[in-house]
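Reading through the structure tokens given below for one structure.
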Amino acid sequence: MSTSSFGATSRQCIRILKGTVRFTWPNRAWAVDIAWASKRWNGRHIVQAAYRALLATIVYHIWQERNRRVFQQSMRPSSTIARIVVDEMRQKIISIDLPDSVSSRGLYRLWRIPWPVRGNA
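When we follow the UniProt record's numbering, the leftmost residue of the sequence shown carries the number 1, and every step to the right adds one.
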């Protein structure tokens, strides 16, 4: 497996994710992109925290795919990796008990998660 073919796979995965979730990603060299994201997504706002979690999830799954290709000689399509990242992020967001606020609803809307209907039981 060449690094250029894996780089193309990771870039394709990012492109698919950008189509699913609205976020800005420069799509340059990984080191430059990571430095850019760490400066841009450093706030305490819930959406900034979600973007940081997204970055960590992307890096984790792309590295896992790299290891799969190197050590197991098997590979998954970029679309599968992107779907796994989106599903994992949605699960992370749903698992947090967020207050009913504009920011929380915006985060759910960003990830296309239906806002839970909470009744007074």
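No residue lacks a Cβ here, since even glycine has one placed at the ideal position from N, Cα and C.
From Q72, R28 and V47, residue whose alpha carbon lies closest to that of V21 | For the purposes of this step, residue 21 is taken as the residue at position 21 of the sequence shown. Closest by alpha carbon: V47.
What do you get for T24, buried or exposed, if any count of 16 or more other CB atoms within 10 angstroms of its CB means buried?
-> For the purposes of this step, residue 24 is taken as the residue at position 24 of the sequence shown. Answer is exposed; the Cβ neighbour count stays below 16.
Exposed or buried, what is A50 when buried is set at 16 or more other beta-carbons lying within 10 Å of its beta-carbon?
-> The residue you call residue 50 lines up with position 50 of the sequence shown. Here A50 is buried, its C-beta having at least 16 other C-beta atoms within 10 Å.
Report, in whole angstroms, the separation of the C-beta atoms of L55 and W36, which I expect to be a contact under 8 Å.
-> Walking along the sequence shown from the start, residue 55 turns up at place 55. Walking along the sequence shown from the start, residue 36 turns up at place 36. 10 Å between Cβ atoms; not a contact.
Same chain, Cβ closer than 6 Å to A82, neighbours up to 5 away in sequence not counted | Position 82 of the sequence shown, counting from 1, holds the residue named residue 82. Spatial neighbours of A82 in its own chain (CB-CB distance under 6 Å, excluding positions within 5 residues in sequence) are listed in chain order as C13, I16 and L17.
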